Amino acid sequence: MFYPVEAPDGTLVYPIAPEGYESRWVCGKDTYQKLLSDGMIEWRQVTKSDGLRWQVYQKHYVSEAGRETSDLWAGISGNKMGTKEVSGLFDRVKVFDHPKPTEVLSRVIQLSTDPVSSEIVMDFFAGSGSTAHALMLQNAKDGGNRIFISVQLDEHLSEGAEGKKLGFSTIAEISKERIRRAGAKILEP
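This note's numbering applies: residue 9 is where the sequence shown begins, and numbers increase by one.
What follows is the structure, given as structure tokens:
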């Protein structure tokens, strides 16, 4: 299945791997020609270290797989909710620019952990503490016993940062305070 295919500009493209060795197309010439005539081939120019190159793609549609798209993420708010959640814990001060929304992370935690087995969720890039907050919310929702470990480098805030105006000097300090405040809010009757 090593043969040239013609790009939109007429150049011949061979299946050469990014590392430079000869590779193979995923289908034979006849199958490729059928896909091309059926409009199932798409060409894109991509930037590589040696300049622009043509890249060929086969189109796939969900309906062909015989299954419907999942509604797994239906009903989940967008990213703006993350900022609203965190600023709500800090008297409407925007201490982080783009915190992740807990609703998305809670769904991931719900799908990937067992609530009763004391599983540990470790976040090596804790940032604003969204994962810990989401885990506490999910535990409160389903009675789970999950545990979190949040790791954040001692990254100092810039001079004009809103968090600095509140007396914090590092992202880790804000994250710890967010986790404390979120936990207290979850425990409120």
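By construction, the Cβ of each residue, glycine as well, lies at the ideal position given by its N, Cα and C atoms.
For clarity, every value in this text was computed on a predicted model and none was experimentally measured.
- Query: Where does Gly90 fall in DSSP's three states?
  - Reply: DSSP, read as helix, strand or coil, puts Gly90 in helix.
- Query: By Cβ distance, which residues of its chain are closer than 8 Å to Ala134, with the 5 residues on each side in sequence left out?
  - Reply: So the list reads Ala140, Ser158, Val159, Gln160, Ala180 and Ser183, once near-sequence residues are dropped.
- Message: Just to confirm my understanding: we take Arg189, look at its own chain, exclude 5 residues before and 5 after, and list those with CB closer than 8 Å. What are they?
- Response: Taken in chain order, the residues that qualify are Leu97 and Phe98.
- Task: Take Ser125 and list the residues in its own chain whose beta-carbon comes closer than 8 Å to its own, dropping the five residues that flank it on each side.
- Result: Excluding positions up to five away in sequence, the list reads Asn153.
- Query: Nearest CA to the CA of Asn87: which residue from Asp105, Val101, Asp79 and Met144?
  - Reply: If we check each option's Cα against that of Asn87, Asp105 comes out closest.
- Message: On the DSSP bridge list, what partners appear for Leu20?
- Response: Partner(s): Glu14.
- Would you list the one or two residues that DSSP bridges to Glu50? Partner(s): Tyr65.
- Continuous beta strand (DSSP E) stretch holding Asp131: start and end: Segment Ile128 to Asp131, the beta strand (DSSP E) holding Asp131.
- Message: If you reduce the DSSP assignment to three classes, tell me which class Trp158 lands in.
- Response: Rather than Trp, the amino acid found at residue 158 in this sequence is Ser. Looking at Ser158 - three-state DSSP - the assignment turns out to be strand.
- Cα separation between Tyr65 and Leu165? Cα to Cα, the separation comes out at about 44 Å.
- Quick one, which of Arg61, Ala15, Gln53 and Thr19 has its alpha-carbon nearest Leu44's? Of Arg61, Ala15, Gln53 and Thr19, the residue nearest in Cα terms is Ala15.
- Message: Just to confirm my understanding: we take Ala142, look at its own chain, exclude 5 residues before and 5 after, and list those with CB closer than 7 Å. What are they?
- Response: Answer for Ala142: Thr110, Leu113, Ser114 and Ile117, listed in chain order.
- Item | Where the alpha helix (DSSP H) containing Glu181 begins and where it ends | DSSP places Glu181 in the uninterrupted alpha helix (DSSP H) bounded by Ile179 to Leu195.
- For Gly151, the nearest candidate out of Glu50, Thr121, Leu80 and Val101 (CA to CA): Each of Glu50, Thr121, Leu80 and Val101 was checked against the Cα of Gly151, and the nearest Cα belongs to Thr121.
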